[in-house]
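K.L.:
The structure under discussion is supplied below as structure tokens; questions concerning it will follow.
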Amino acid sequence: MMKKKSIPASKPFLILFLCQIISALDVPLDLSQPPTITHQSPKDYIVDPRENIVIQCEAKGKPPPSFSWTRNGTHFDIDKDAQVTMKPNSGTLVVNIMNGGKAEAYEGVYQCTARNERGAAISNNIVIRPSRSPLWTKEKLEPHQVREGDSLVLHCRPPVGLPPPIIFWMDNAFQRLPQSERVSQGLNGDLYFSNVQPEDTREDYICYARFNHTQTIQQKQPISVKVFSMDSLNDTIAANLSDTDIYGAKPVTERQPVLLTPTGSTSTKVELRGNVLLLECIAAGLPTPVIRWIKEGGELPANRTFFENFKKTLKIIDVSEADSGNYKCIARNTLGSVHHVISVTVKAAPYWITAPRNLVLSPGEDGTLICRANGNPKPSISWLANGVPIAIAPEDPSRKVDGDTIIFSHVQERSSAVYQCNASNEYGYLLANAFVNVLAEPPRILTPANKLYQVIADSPALLDCAYFGSPKPEIEWFKGVKGSILRGNEYVFHDNGTLEIPVAQKDSTGTYTCVARNELGKIQNEVRLEIKDPTMIIKQPEYKVVQRYGQVSFECIIKHDSTLLPTVIWLKDNDELPDDERFLVGKDNLTIMNVTDKDDGTYTCIVNTTLDSVSASAVLTVVAAPPTPAIIYARPNPPFDLELTGQLERSIELSWIPGDENNSPITHFVIEYEDGLHEPGVWHYQTEVPGTQTTVQLKLSPYVNYSFRVVAVNKIGRSQPSEPSEQYLTKSASPDENPANVQGIGSEPDNLVITWESLKGFQSNGPGLQYKVSWRQKDVDDEWTSVIVANVSKYIVSGTPTFVPYEIKVQALNDLGYAPEPSEVIGHSGEDLPMVAPGNVQVHVINSTLAKVHWDPVPLKTVRGHLQGYKVYYWKVQSLSRRSRRHVEKNILTFRGNKTFGMLPGLEPYSSYKLNVRVVNGKGEGPASPDKLFKTPEGVPSSPSYLKITNPTLDSLTLEWGSPTHPNGVLTSYILKFQPINNTHELGPLVEIRIPANESSLILKNLNYSTRYKFYFNAQTSVGSGSQITEEAVTIMDEAGILHPAVGTGKGYSEILSATSPVMHTVRPTFYKVQPLYPRIRNVTTAAAETYANISWEYEGPDHANFYVEYGVAGSKEDWKKEIVNGSRSFFVLKGLTPGTAYKVRVGAEGLSGFRSSEDVFETGPAMASRQVDIATQGWFIGLMCAVALLILILLIVCFIRRNKGGKYPVKEKEDAHADPEIQPMKEDDGTFGEYSDAEDHKPLKKGSRTPSDRTVKKEDSDDSLVDYGEGVNGQFNEDGSFIGQYSGKKEKEPAEGNESSEAPSPVNAMNSFV
């Protein structure tokens, strides 16, 4: 016999589960059955009078039931009321209130009946009442005038609503009035003052009633309260008495407690079972009394007792008859106490002991319906059949009523009916429907086939076998397909068919078969059971003490069944973690950054899977931080205690414990592995995880002997590797992958070389790694040719046709089998040289430096390889202008792909060229096409090879030049332009001269004396002008004292050059400010002493440049030394030099990458023996100083006399960068400056042009320039760099006004007065 057991009381979680199974064992809906009420409105149904009334009544049955209603005990004909409708296929009524109906007209008691051919079920009596929220009755409220310390009750007396309203007190600002032990609201809504205080005086005590059902709030008229203090009362009395009267109100006196509610010493209270019991005591007194509650002769029920309203209200939930008794409240203050006894009686509306349950019987069977209920007083039991009292219902010979039981014997199909049991007393009723359904049905199993159950090991397993049949089937369980019937104490068989395995083990896994049989048949069903490993916390969070503003981490390392997905939740004090970015939740830890005092508490790690849940907690204590020592940051200590768990064929879980992070948080961990089978001693990178993670699931390859180690990394660096983990050898398997990068390329015209990347050791997945190489010619109906080779990476197929495509595949295999089928690649056998040359080669000359060549493509069959493109060979045969041959240098241009044209750039103008074209494949070049001759037209010439200006006199200069290096055609003429320049870099009128092409020199006469000129010189062909070359020169000073006319006055340039210049052009004498084209530093000069040297230079470029001077020993390989120049000065003193040493020096500008001057070399003077003599006392020195002073005085007089005969000619920085006034503006597309962008124009002036013949020197912009201080560069300097001599300051600029100035011009002013 199978052992049947009831559910143990120690397993309450099973009870709910089994109840759910039992409740689900209904008659299948495809079988005939009486109606069953499935849903109905509550017995006491309060509705919103503004909305439609919905009275629910749903039922099921076979055939589907029909519905009818009664109202107040009589039939309710819904067809006669236009406002009432019934939902289709339902008994639910909808009363349309929103379209004119009135809810009050539908108040009453409603009952629904669901009926079919097998019986009738009825609903409860549903009492419909519309909610009410009446207004407050108008009343005249007198102000309350109360003496300080007296008690006070403010009555609310809210209107009677349905349901009763919620009461609260507020002021005019809709703020709740504060309540305390002294002032509180009673259960009836009144506001009680145990004693009033002056601060209670106010005029807006307002009682509000909130009616939740209609969502309305009603307001009582404000109540005014005025509290008289003793001081103010005494003042009032004094004002009304004479001085001789004795007066004075008594001071506030303390009083012992007096109960405000309830009154008297005793009262009674009746409450129903299951409700909430509320008892209240509010006392007056001064000081404010304290309330205490006790139960006479017993204890207040634990876990169900609560104190509210400052302990003035005792609340006991879910009361039962055992809670009846006497409850005493005691109000006490320092003067005494008072008490009140409330006698509580708990009555009970009927409640079920055994509710009747549906009964399914087969013809001829017996059965019973039991209806047992209890209550206080004891309820009466009455039976109905199909909604009719059983006494007047049709008789059934198989039925017998015995009090609360109906006994059925030898039932037949006509015995089917619905029976109602009514249990009622004065406090309520219970109504239950239970049908008797007489059926003859073979067994059915309702549990789905092959249902999977998953259970944690050592836990109960419940295997469901929900069934139905009539008569009731017997259930048997088997394990496995051919297993024997299950018996014994290790199994429990429940009446609902469920098999319980109280303690499931790993060997409980398997397939279980449930067999249901009765006299009409037999059926079986299989379910599967899997036993999972329990979830465990192998490293729990530990108690931590952390300093304020520090960091703390709780670990929660788990171990779980590999098929379950765990979720980890952290709680603080059994609540969610604060929403704060300082809390960082990792996979197996919780880190709190910048800890504060509010982080104190208990932290719980909860791990949930779909089958189980575990948790662990730890306490965090936050303490004040001690004085902060110096923080030492270092690399982290290595991790330790590596552990391998969850070993599977292709994966494993690695866990570790981090080492000390040494004040720098660990950012991540690096996991490395060693393959002891294939590469012992070599560690490879595996993966990395965040620094908050201490476990990782690693993917493994077969046939590898793994060891793992972990490296911690922080901002300082990497830790030492951890100790290796234990070794884990994975099982061998056939290869998972095939070789990569498979290629087929022939090395000879008759072979095919197949290559691939060999699999690495751990990719072999097992011993005996080989490769199966297969090939066949593409687009030919051939079979695959295959060969198996050893662990190599190349195989050569010989005897192939030239350059034909092949399909190739390479498959890996080992002793355990083949890898998956490889993909095919296309390769080609070997190439040969192309056979033919391109034809129809044509050349189209586009301009003097560019040509376009066209050709016809060769047939692809003749390429005999991969077409890589075409090569064009071209070379210059001769220049048409020079008629001279030179060494032929061939140029090659390659055009990729199947192009049929190309551009030939960089050709020389006016030249003869030849070219040919060849096709190229992977093997090489094919034959050349016949040479094609073409010529380029003339172009513009290059600049003249040089321009010299010699023989300066007072009014003439000689110009010599060389022809252009590249004439690029036949020269037609030279163009010379020149113009004077004054000391402010303004340009005078421009003169143009055309010179025959066969000339190489020219003498310019009738020029102004002591005047600087700038010259622009270029050559021309018939195409146009070439680039120009520029130079500057100065006519010498007139020593005869004759002042020549200024430029543009008297005899002009047209007169000066008319005899020698057949073509000449002048421009208006307007001056232009010239900006330098490019920055440069030039004219670096040095003046050296024994241990220092003064460096000066000229600068042309942007303003505000910051200079530096670099120097070093000449000929040395040492790095340059660098000195920064203060400001934008153009001189600097190098100190600390070695006497008698040669130095190299150069000047650069900060911020201009690579922009420096050319190098200059100087030598310091030899060391002189010093004598400790005070020369200031020597006679020869005194005489010398007198002579020097006299000479200076004479020089000043001479200078004053000769000031109108000329002076020094200052030229600012950037003088060589004067632009040609006819220069074109900058082009937007390439940023060049037209013809004036020739590089030769920016070279420093030749040495001969730096210093004019009259020894005048150029003057810098800066007043600190040393060359402003005297002539030449060999002047004497003091050790601080100052110059011993006359200082000549700059003159202020004056506007050029021709000869209208009345005063004689100074040498400087004369240079500023060009017209």
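Residue numbering for the sequence shown follows our numbering, starting at -4 and increasing by one per position.
Glycine residues also receive a C-beta, built at the ideal position from the N, C-alpha and C atoms.
Can you tell me where the beta strand (DSSP E) with Met165 in it begins and where it stops?
P.N.:
Taking the first residue of the sequence shown as position 1, residue 165 is located at position 170. Met165 -> beta strand (DSSP E) spans Ile161 to Met165.
K.L.:
For Ser876, count neighbouring C-beta atoms within 10 Å of its own C-beta (all shown protein chains included) and say buried if the count is 16 or more, exposed if not.
P.N.:
To locate residue 876, count along the sequence shown from 1; it is residue 881. So Ser876 counts as buried.
K.L.:
Within 10 angstroms of its Cβ, does Asp490 collect 16 or more other Cβ (buried), or is it exposed?
P.N.:
Counted from its first residue, the sequence shown places residue 490 at position 495. Asp490 should be labelled exposed.
K.L.:
Candidates Arg771, Val775, Gly763 and Val787: which alpha carbon is nearest Tyr813's?
P.N.:
In the sequence shown, the residue the question calls residue 813 occupies position 818. With distances taken between Cα atoms, Tyr813 lies closest to Gly763.
K.L.:
Given 8 Å as the limit, is there contact between the region 419 to 433 and the region 493 to 503, that is, 3 or more CB pairs closer than that?
P.N.:
no
K.L.:
How about Ser608: is its C-beta nearer than 9 Å to some C-beta of chain C?
P.N.:
As a matter of chain content, chain C is missing from the structure shown, which is built from one protein chain.
K.L.:
Per DSSP, what are the beta-bridge partners of Val547 in this structure?
P.N.:
If you number the sequence shown from 1, residue 547 lands on position 552. The partner list for Val547 (beta bridge, DSSP) reads Ile587.
K.L.:
What residue ranges within the region 760 to 847 form continuous beta strand (DSSP E) runs of no fewer than 3 residues, ordered along the chain?
P.N.:
Qualifying beta strand (DSSP E) stretches, in chain order: 765 to 772, 780 to 784, 789 to 793, 800 to 809, 820 to 823 and 834 to 842.
K.L.:
Tell me whether Met1180 sits in a helix, a strand or coil according to DSSP, three-state version.
P.N.:
As a position in the sequence shown, residue 1180 is number 1185, starting the count at 1. Three-state result, Met1180: helix.
K.L.:
For Phe403, which of Pro153, Val1193 and Gly359 has the nearest alpha-carbon?
P.N.:
Taking the sequence shown and counting its residues from 1, the one referred to as residue 403 is at position 408. Of the candidates Pro153, Val1193 and Gly359, the one whose C-alpha sits nearest the C-alpha of Phe403 is Gly359.
K.L.:
Would DSSP call Lys1139 helix, strand or coil?
P.N.:
Residue 1139 sits at position 1144 when you count from the first residue of the sequence shown. If DSSP states are grouped into helix, strand and coil, Lys1139 belongs with the strands.
K.L.:
Whose C-beta lies closer than 8 Å to the C-beta of Ile990 among residues of the same chain, with five residues either side of it excluded?
P.N.:
For the purposes of this step, residue 990 is identified with residue 995 of the sequence shown, where counting begins at 1. Closer than 8 Å at the Cβ level, and outside the excluded window around Ile990, lie Ser968, Tyr969, Ile970, Leu971 and Leu997.
K.L.:
At which residues does the beta strand (DSSP E) containing Pro55 begin and terminate?
P.N.:
Working through the sequence shown from its first residue, we reach residue 55 at position 60. Residue identity check: residue 55 is Lys in the sequence provided, not Pro. Run containing Lys55: Cys52 to Lys57, per the beta strand (DSSP E) assignment.
K.L.:
Can you tell me whether Glu1274 is buried or exposed? The criterion is at least 16 other CB atoms within 10 Å of its CB, across all chains shown.
P.N.:
Here residue 1274 refers to the residue found at position 1279 when the sequence shown is read from its first residue. Here Glu1274 scores only 36 on pLDDT, less than 50, and its place in the model should not be relied on; the value that follows carries that caveat. Exposed, since its Cβ has fewer than 16 Cβ neighbours within 10 Å.
K.L.:
Distance check for Ser224 and Glu194, CA to CA, integer angstroms please.
P.N.:
If you number the sequence shown from 1, residue 194 lands on position 199. If you number the sequence shown from 1, residue 224 lands on position 229. Looking at the two C-alpha atoms, the distance is approximately 10 Å.
K.L.:
Just tell me which of Glu46, Arg45, Asn47 and Phe62 has its CA closest to the CA of Glu53.
P.N.:
On the sequence shown, residue 53 is found 58 positions in, with the first residue counted as 1. For the residues Glu46, Arg45, Asn47 and Phe62, the minimum Cα distance to Glu53 belongs to Phe62.
K.L.:
For Asp318, count neighbouring Cβ atoms within 10 angstroms of its own Cβ and tell me buried if that reaches 16, exposed if not.
P.N.:
As a position in the sequence shown, residue 318 is number 323, starting the count at 1. Asp318 is buried by the Cβ-count criterion.
K.L.:
If I'm right that Lys918 touches Leu828 with Cβ under 8 Å, what's the distance once you round it to whole angstroms?
P.N.:
Numbered from 1 along the sequence shown, position 923 holds the residue referred to as residue 918. Numbered from 1 along the sequence shown, position 833 holds the residue referred to as residue 828. Contact flag correct, Cβ pair sits at about 5 Å.
K.L.:
CA-CA distance, Trp64 and Tyr101?
P.N.:
One-based indexing of the sequence shown puts residue 64 at position 69. One-based indexing of the sequence shown puts residue 101 at position 106. The straight-line gap from Cα to Cα measures roughly 13 Å.
K.L.:
Roughly how many angstroms lie between the CA atoms of Pro601 and Ser608, to the nearest whole one?
P.N.:
If you number the sequence shown from 1, residue 601 lands on position 606. If you number the sequence shown from 1, residue 608 lands on position 613. The identity of residue 601 in the sequence shown is Ile, whereas the question assumes Pro. C-alpha separation (whole angstroms): 7 Å.
K.L.:
Out of Leu862, Asn886, Asp851 and Pro852, state which residue places its alpha-carbon closest to the alpha-carbon of Tyr868.
P.N.:
In the sequence shown, the residue the question calls residue 868 occupies position 873. That would be Asn886, whose Cα lies nearest to the Cα of Tyr868.
K.L.:
So, for Ser907: in the same chain, excluding its five sequence neighbours on each side, which residues have a beta-carbon less than 6 Å away from its beta-carbon?
P.N.:
For this step, residue 907 is matched to residue 912 along the sequence shown. So the qualifying residues of the chain are Val872, Gln873 and Lys930.
K.L.:
Grab me the residues of Gln519's own chain with a C-beta within less than 7 Å of its C-beta, minus the 5 sequence neighbours each way, in chain order.
P.N.:
Taking the sequence shown and counting its residues from 1, one reaches residue 519 at position 524. Cβ within range, chain order: Thr508, Cys509 and Val510.
K.L.:
Where does Leu560 land, buried or exposed, given buried means 16+ other C-beta within 10 angstroms?
P.N.:
Position 565 of the sequence shown, counted from the first residue, corresponds to residue 560. It counts as exposed.
K.L.:
Reducing DSSP to helix, strand and coil, say where Trp1175 ends up.
P.N.:
Locating residue 1175 in the sequence shown gives position 1180, where the first residue counts as 1. Residue state, collapsed to three classes: helix.
K.L.:
From Glu1208 to Arg1075, what does the alpha carbon distance come to, in whole angstroms?
P.N.:
Your numbering for residue 1208 matches position 1213 in the sequence shown. Your numbering for residue 1075 matches position 1080 in the sequence shown. Low confidence applies to Glu1208: its pLDDT is 39, below 50, so where it sits in the model is not reliable, and the reading given next is rough at best. Their backbone Cα atoms lie some 9 Å apart in a straight line.
K.L.:
Closer than 8 Å: is that where the CB of Ala735 sits relative to any heavy atom of the ligand HEM?
P.N.:
Ligands displayed in this structure: none; no statement on the ligand HEM is therefore possible.
K.L.:
On a CA-only basis, which of Lys847, Val965 and Leu942 is nearest Lys909? Give me that one, please.
P.N.:
Locating residue 909 in the sequence shown gives position 914, counting from the first residue. Of Lys847, Val965 and Leu942, the residue nearest in Cα terms is Lys847.
K.L.:
Since I believe Glu143 is in contact with Ile92 (beta carbons under 8 Å), could you give me their beta-carbon distance rounded to a whole number of angstroms?
P.N.:
By one-based count along the sequence shown, residue 92 stands at place 97. By one-based count along the sequence shown, residue 143 stands at place 148. Not a contact, Cβ separation roughly 55 Å.
K.L.:
Indicate the three-state DSSP secondary structure (helix, strand or coil) for Cys600 in the structure shown.
P.N.:
To locate residue 600, count along the sequence shown from 1; it is residue 605. Correct three-state label for Cys600: strand.
K.L.:
If you compare alpha carbons, which of Tyr187, Pro252 and Asn207 is closest to Val220?
P.N.:
Residue mapping note: residue 220 aligns to position 225 of the sequence shown, counting from 1. The option with the nearest alpha carbon to Val220 is Tyr187.
K.L.:
Would you kindly report the start and end of the unbroken beta strand (DSSP E) that includes Leu149?
P.N.:
Residue numbering aside, residue 149 sits at position 154 when the sequence shown is read from its first letter. Taken as a continuous stretch (DSSP letters only), the beta strand (DSSP E) holding Leu149 covers Leu147 to Leu149.
K.L.:
Taking the beta strand (DSSP E) that Val691 belongs to, which residues open and close that run?
P.N.:
Locating residue 691 in the sequence shown gives position 696, counting from the first residue. Its beta strand (DSSP E) spans residues Thr690 to Lys694.
K.L.:
Are the CB atoms of Val1108 and Tyr1138 within a distance shorter than 9 Å?
P.N.:
Here residue 1138 corresponds to residue number 1143 of the sequence shown, with the count starting at 1. Here residue 1108 corresponds to residue number 1113 of the sequence shown, with the count starting at 1. Going by C-beta atoms, Tyr1138 is nearer than 9 Å to Val1108.
K.L.:
Quick one: is Cys324 buried, meaning 16 or more other Cβ sit within 10 Å of its Cβ, or exposed?
P.N.:
Taking the first residue of the sequence shown as position 1, residue 324 is located at position 329. Looking at its Cβ environment, which holds 16 or more other Cβ atoms inside 10 Å, Cys324 is buried.
K.L.:
Since Pro984 and Val912 should fall inside the 8 Å C-beta cutoff, what is the C-beta to C-beta distance between them, to a whole number of angstroms?
P.N.:
Position 989 of the sequence shown, counted from the start, is the residue given in the question as residue 984. Position 917 of the sequence shown, counted from the start, is the residue given in the question as residue 912. That belief does not hold up - the Cβ atoms of Pro984 and Val912 are roughly 57 Å apart, past 8 Å.
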